[in-house]
Amino acid sequence: MFVGGLVSFLLPIPDLECANNVTKTYDKKASVISRDLKLQEDCQKFWNLDPYKLESLCAYQVLYHDDYSSKRIRELFPQIQKDEVPIFATMILTLGKVDRGFSPEEISLIQKLSYPGLSLASLRGSTEIDPNTDLARALVVSEFSGDLGKNRADYYSNCLDILALRIHAERQRYLDQSPCVPGTSEFHKATIEAINTILFYEEAVRYPSKKEMFSDEFSFLSSVTDRKFGVCLGVSSLYFSLSQRLDLPLEAVTPPGHIYLRYQGGEVNIETTAGGRHLPTASYCDCLDLEDLQVRTPEEMIGLTFMNQGSFALQKKKYKEAEEAYKKAQEYLGDEELQELLGFVQILGGKKKEGKSLIGKSPRASQKGSVAYDYLKGRINIPTLALLFSYPGSNYEEIASYEEELKKAMKSSMPCCEGQRRLASVAFHLGKTAEAVALLEKCVEDIPNDLSLHLRLCKILCDRHDYTKALKYFIIAERLMEDQGFLKKDNRSFALFYEVKKIISKVAPQKANTLLLMESER
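Numbering (the UniProt record's numbering), first residue to last: 1 to 522.
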């Protein structure tokens with residue numbers, strides 16, 4: 001007490017006032033800091049920041065320059081320094097602004113980011129265009145020529161790097177809940193979930209409307225990235241390109257007229273037209289042998305993109321454009337179907353001799369009921385051929401008009417199976433189910449060994465509750481399955497056969513046994 005009292009006595013009065021002022025200043029600053037922290041906390045509550053949503057964190061950082069979002073971004077990406085966070089946040093938010101380029105500082109920042117399970121294209125620093133490592137760059141360079149192609153390729157490659165960073169942050173949500181080692185099956189499945197979340201929910205990439213879907217732009221990765229619309233091929237190309245940046249090994253698989261992605265041979269199938277959901281492999285093999293599912297290389301995916309472009313041009317009767325696209329597709333793809341399509345385009349474009357030569361080399365040239373077979377046999381004239389490759393339309397009036405044109409064209413030529421099949425398809429669209437069934441029954445008479453046609457007809461008849469006829473064609477289909485050796489194979493092949501068999505065994509078990517016995521006695 002004495003010492004304290006002595007010190008107090010010795011201090012001059014002005015010094016005591018200064019000490020009081022300092023104390024007040026500290027109290028004032030503490031009050032301000034407290035208010036700032038409360039304001040920051042209130043803002044975070046108001047915005048409801050998700051600690052794994054990189055885009056939200058970056059937007060908050062750009063708006064408020066706060067410590068919370070800065071710290072969280074550096075937790076997700078430890079190689080980023082505190083003073084680099086504003087540059088990083090601005091860069092993440094520029095995705096989708098086509099007119100904005102990336103500054104040297106931004107590219108340098110991307111190149112710093114290297115983690116297990118993250119392999120950005122910017123990190124490679126190679127000018128070599130290899131679709132096996134960067135499909136996106138190869139696709140864009142093949143779409144645009146010269147310096148434009150190089151500049152666009154750089155831009156879209158960087159855009160996909162940014163998307164990959166957002167997916168990397170989202171993937172951390174799953175890894176924090178269930179930690180696993182990079183490269184394991186659990187890690188890869190977490191990556192699939194993260195890609196699906198960012199691509200289909202945050203970016204809202206979706207299938208175009210029926211009226212728009214036949215535009216070739218929806219097959220190109222550049223358009224899908226910009227417009228967020230794409231057909232199966234365009235979205236699969238984008239998804240595959242992202243998987244390359246996230247060390248996720250995927251395969252592209254093409255059943256007839258479609259493409260999907262799969263992981264570990266089908267352990268997880270990724271249906272890009274349905275938000276990345278898993279569909280069983282059997283759903284892609286309704287009328288197909290499992291072994292006929294083709295696995296495509298990244299280079300072949302480029303060829304398929306131009307093949308799609310050619311087919312869309314063919315549907316619009318732009319034969320010159322279609323021929324150019326098919327020829328470009330041949331640089332990447334060696335499909336027999338592509339060669340046949342090029343032949344038909346040349347015929348429709350006036351190069352009959354060259355086109356006929358190509359069709360004659362097609363394996364389908366000897367397959368009864370195919371377009372190639374019927375054309376070479378003189379059963380299809382040019383007007384009918386043009387209509388068979390044309391788009392029927394998207395509304396009732398257009399489809400009805402197409403039906404009349406096709407019937408008129410077919411009157412001046414011999415009956416052809418593909419023409420009858422197309423008329424049956426049109427009749428279904430117009431609600432003329434009985435007429436469609438009659439046309440398909442004519443096709444079955446012409447090509448009695450077509451297993452796929454028999455199975456589809458069985459399913460249609462079951463849907464119409466005409467089980468007597470359905471059973472008749474099912475018995476033939478079962479015999480064809482046995483003759484072609486498919487009954488001994490995986491039941492995921494020709495899944496429609498097992499579906500129809502299940503229906504018939506339920507609705508008419510006694511009739512089924514009777515007819516099967518009659519068939520065996522024959």
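We put the CB at the ideal spot given by N, CA and C, even for glycine.
Source: prediction; values computed, not measured.
A residue is called buried when at least 16 other Cβ atoms come within 10 angstroms of its Cβ; Gly334 does not meet this threshold and is exposed.
The three-state reading of DSSP puts Arg464 in coil, since its state is none of H, G, I, E or B. Annotation: the continuous alpha helix (DSSP H) that includes Glu340 extends over 336-348. The beta strand (DSSP E) runs lying completely inside the stretch 277-311 and spanning 3 residues or more are 294-296, given in chain order. Going by DSSP, Val371 is part of the alpha helix (DSSP H) stretching over 371-376. By the Cβ criterion, the stretch 395-414 is in contact with the stretch 367-383, since at least three pairs of Cβ atoms, one from each stretch, lie closer than 8 Å. For Asn269, the pairing in a beta bridge is given by DSSP as Arg262.
DSSP places Arg379 in the coil class of the three-state scheme, outside both helix and strand. Considering only Ala274, Glu482, Glu271, Glu251, the residue with the shortest C-alpha distance to Tyr263 is Glu251. About 5 Å separates the Cβ atoms of Ala329 and Gly303, confirming a contact at the 8 Å cut-off. Distances from the CA of Ser390 to each of Val426, Ser357, Met414, Arg277 were compared; the closest alpha carbon is that of Val426. Taking 4 residues as the shortest admissible run, the stretch 110-188 contains the following complete alpha helix (DSSP H) segments, listed from N- to C-terminal end: 121-124, 135-143, 146-177.
Secondary structure of Arg206 (DSSP, three-state): strand. Under the three-state reduction of DSSP output, Phe474 falls in the helix class.
Taken atom to atom, the span from the alpha-carbon of Tyr473 to that of Ala372 is near 26 Å.
The way I'd put it, the stretch 302-320 does touch the stretch 205-221; three or more beta-carbon pairs between them come closer than 8 Å. Nearest C-alpha to Cys285 among Ala274, Arg296, Tyr319, Pro255: Pro255. When the beta-carbon positions are compared, Leu246 and Gly117 come within less than 8 Å of each other. Restricting attention to Val507, Lys228, Ser394, the CA atom closest to the CA of Glu203 is found in Lys228. The continuous beta strand (DSSP E) containing Thr254 extends over residues 251-254. The continuous alpha helix (DSSP H) containing Phe428 extends over residues 417-429. In this structure, the alpha-carbon of Leu199 lies about 41 Å from that of Leu358. Between the alpha carbons of Glu75 and Gln81 lies a gap of roughly 11 Å.
Secondary structure of Phe229 (DSSP, three-state): strand.
Judged by beta-carbon spacing, Asp374 lies beyond the 8 Å limit of Cys443, meaning their Cβ atoms are not closer than that value. For Met410, the three-state secondary structure derived from DSSP is helix. Proximity to Ile447 across Thr468, Lys432, Ile476 peaks at Ile476, based on C-alpha coordinates. Less than 8 Å separates the beta-carbon of Gly275 from that of Asn196. Only residues of its own chain outside the window of five on either side were considered, and among them Leu387 have a CB closer than 7 Å to the CB of Glu405, listed in chain order. Exposure of Leu148 is indicated by the presence of fewer than 16 other C-beta atoms within 10 angstroms of its C-beta.
Ile73 places its beta carbon less than 8 Å from that of Phe88.
The C-beta separation of Asp161 from Ile92 comes to about 10 Å, leaving the pair out of contact by the 8 Å criterion.
A Cβ-Cβ distance of about 5 Å is found for the pair Ser241 and Leu135, placing them in contact under the 8 Å criterion. Taking Ser56 as reference, the option from Glu84, Pro78, Thr94, Gln79 with the minimal CA-CA separation is Thr94.
Contact between Leu455 and Phe486 fails: their C-beta atoms lie close to 11 Å from each other, not under 8 Å.
For Arg72, the enclosing alpha helix (DSSP H) stretches over residues 67-76.
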